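Okay, so here's the structure we're looking at.
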């Protein structure tokens, strides 16, 4: 049943910042439109998916944008990547400026209704989620251990949690660490 809700959420949230921001009053029409036209922006294929929660106002999201781009560049052929903006307040201008400055070149989803945010149980930005091809969350948490605590960055990365999870999954090995506690900016909930 959870898979069904994730698929519905992905359909609902597949509108991007440069198309339409989904609001509660047009969610049903949006679903009907995308169900009839089969033109969703989420790929329903056999690839795993990575979702990053980001907020244009969160300094850590800016700091992690280079790492996010590197991971995307390395794995984009094997994995579908999405960035979602869980903020209930959406500014197209700020988002475009952030994306241009940090060169995030993957699918961007505005989640002002926090459908994806709630389904993935996102609480922090930046936070990452690795889903298998059946939309089961197989890793959730930190991208790496560069951030030691809020306001305290390390000099070196000792554990690339997301990369390790991706590599393990792609090589059909067990993921050793399936969850870490994300550190960053708290997502304001509806």
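Numbering (my numbering), first residue to last: 717 to 906. Even for Gly, the Cβ is constructed at its ideal location relative to N, Cα and C. As the structure is a prediction and not an experimental result, all values here were calculated from the model.
> On the premise that residue 899 lies in contact with residue 840, defined as a C-beta separation below 8 Å, what is that separation, rounded to the nearest angstrom?
Replying inline: 7 Å
> DSSP three-state call for residue 774: helix, strand or coil?
Replying inline: coil
> Which value, in whole angstroms, describes the spacing of the CA atoms of residue 786 and residue 775?
Replying inline: 18 Å
>> Per DSSP, what are the beta-bridge partners of residue 796 in this structure?
In response: 765
>> Please give me, in chain order, every unbroken run of the alpha helix (DSSP H) with length at least 4 that falls completely inside the stretch 812-839.
In response: 831-836
> If you draw a straight line from the alpha carbon of residue 784 to that of residue 820, how long is it in whole angstroms?
Replying inline: 8 Å
>> With H, G and I counted as helix, E and B as strand and the rest as coil, what does DSSP make of residue 809?
In response: helix
>> Measuring only the C-alpha atoms, how far is residue 858 from residue 848?
In response: 18 Å
>> Starting from residue 847, trace the beta strand (DSSP E) in both directions and tell me its first and last residue.
In response: 843-847
> Closest Cβ-Cβ distance between residue 794 and chain C: below 8 Å?
Replying inline: Judged by its chain identifiers, the structure shown contains no chain C, having just a single protein chain.
>> Checking 8 Å against the spacing of the C-beta atoms, do residue 800 and residue 827 come in under that value?
In response: yes
> Using the beta-carbon count (16 or more within 10 Å), is residue 866 buried or exposed?
Replying inline: exposed
>> As an exercise, report each continuous beta strand (DSSP E) stretch of at least 3 residues that is fully enclosed by the stretch 845-879, in chain order.
In response: 853-857 and 863-865
>> Taking only three categories from DSSP, how would you classify residue 886?
In response: helix
> Should residue 809 be labelled buried (16 or more other beta-carbon atoms within 10 Å of its own) or exposed?
Replying inline: exposed
> Is there at least one non-hydrogen atom of the ligand SAH closer than 7 Å to the beta-carbon of residue 816?
Replying inline: The ligand content of the structure shown is nil, which means the ligand SAH is not present either.
>> Quick test of your reading: residue 794 and residue 763, contact by CB under 8 Å. State the CB separation rounded to the nearest angstrom.
In response: 7 Å
> Going by beta carbon distance, what residues of the same chain come within less than 7 Å of residue 869, once the five residues before and after it are set aside?
Replying inline: 862 and 863
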